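Here the protein sequences line up with chains A and B, keeping their order. Just so you know, my numbering puts 210 at position 55 of the first sequence, and the rest follows in order with no gaps. Just so you know, my numbering puts 10 at position 23 of the second sequence, and the rest follows in order with no gaps.
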Amino acid sequence: MAKKLPIANSIRRLRFEAAEMTQQLLAEKVGVTRQTILAIEAARYSPTLELAFKIAEVFDKELGEVFQYLPSQDDSK
Amino acid sequence: MKTSYQERNNWIELLVAAWAVGYYLITLSSVEGGFYAELSYFLPFIVKVVVVSIVMGIVLAILNHVLSEDAKDAKDEMDKAIDLQGFRNAYWVMSISLMGVIFLALFNERKAELSGVQIETTNLLVHALFIVASLSGLVQSVTQIVYYRRGLV
């Protein structure tokens, strides 16, 4: 099974709430490819801080409402 | 399988590198004498493989550009990160392999004394360096494709 990052996100839900915005449209708004949005949504790629802020700005949300840090058991030791 | 323009470019690089190393090794094994054959035969062959690889790569890249709707997409931050990771992997493969080639060349004469089988050191270097260069290209393309499929985790 593919590994996942310890950073969850609510992009899929936020897209749904934003009139079912497509990944392609979000990608165009923030200046990346659709594949990058797909990877971020699936927690397979951690975006730069700049891109994370851009995504949050599209949904008019705070960064913490879009991305959530989930430290693993090992990290908390 | 949905792929981006940049990922398809990686597939093209993989195809070209695999063809080059495959064609080279098949020819090497089919030529009388193999590794021991005269370099005068191999030098034009190597030039041919390199030139055909470059031309093939350019033609396929142009086709990809013309046929892709997303060809206008510039490399974004994930593409650049994957590029860097793939390049780093290729660098390690090339560095370690080159060390191997250096030792192979250093001990070639001694090995010839022990085994009685003589391979010219120049022959050895030409073949080994071509294979190392192709191998590192293959590693770069394969790992980049894996990163596109599995993510940069």
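Glycine included, each C-beta is placed from N, C-alpha and C at the ideal position. Just so you know, these numbers come straight off a predicted model, no measurement behind them.
request  = Could you please give the first and the last residue of the uninterrupted beta strand (DSSP E) stretch that includes residue 222(A)?
outcome  = 222 to 224
query = Taking the Cβ atom as the reference point for each residue, do residue 138(B) and residue 200(A) lie within a distance shorter than 8 Å?
reply = yes
request  = With DSSP collapsed to three states, give me the class of residue 106(B).
outcome  = coil
query = Short check: CB of residue 10(B) to CB of residue 106(B), under 8 Å?
reply = no
task = Would you mind telling me which residues of chain A sit closer than 9 Å to residue 75(B), beta carbon to beta carbon, in chain order?
result = Chain A residues near residue 75(B): none, gap ~17 Å exceeds 9 Å.
task = Could you please tell me which residues of the region 169 to 195 of chain A, in chain order, have their CB closer than 8 Å to any CB of chain B?
result = 186, 187, 188, 189, 190, 191, 194
query = From 112(B), 92(B), 74(B), 87(B), pick the residue whose C-alpha is nearest to that of residue 125(B); which is it?
reply = 74(B)
request  = Please confirm whether residue 48(B) and residue -4(B) have their CB atoms less than 8 Å apart.
outcome  = yes
query = In angstroms, rounded to a whole number, what distance separates the CA positions of residue 20(B) and residue 102(B)?
reply = 17 Å
query = Distance, Cα to Cα, residue 63(B) vs residue 173(A)?
reply = 24 Å
task = Assign residue 4(B) to one of three DSSP states: helix, strand, or coil.
result = helix
key: Nearest to residue 58(B) (by Cα), restricted to the options -8(B), 130(B), 129(B)   = -8(B)
request  = Please confirm whether residue 51(B) and residue -1(B) have their CB atoms less than 8 Å apart.
outcome  = yes
request  = Sort 204(A), 227(A), 210(A) by Cα distance to residue 165(A) and report the nearest one.
outcome  = 210(A)
task = Quick one: using the 10 Å Cβ neighbour count with 16 as the cut-off for buried, is residue 195(A) buried or exposed?
result = buried
query = Could you give the C-beta distance for residue 167(A) and residue 181(A), rounded to a whole number, given that I count them as a contact under 8 Å?
reply = Wrong, their Cβ atoms sit about 10 Å apart, outside the cutoff.
message = I'd like to know whether the C-beta of residue 20(B) is nearer than 8 Å to at least one C-beta of chain A.
response = no
ask   = Would DSSP call residue 163(A) helix, strand or coil?
value = strand
Sequence-distant residues of the same chain with beta carbon closer than 7 Å to residue 187(A), five excluded per side = 206
request  = Taking a Cβ distance cut-off of 8 Å, strictly less, list which residues of the region 112 to 137 of chain B are near chain A, in chain order.
outcome  = 135, 137
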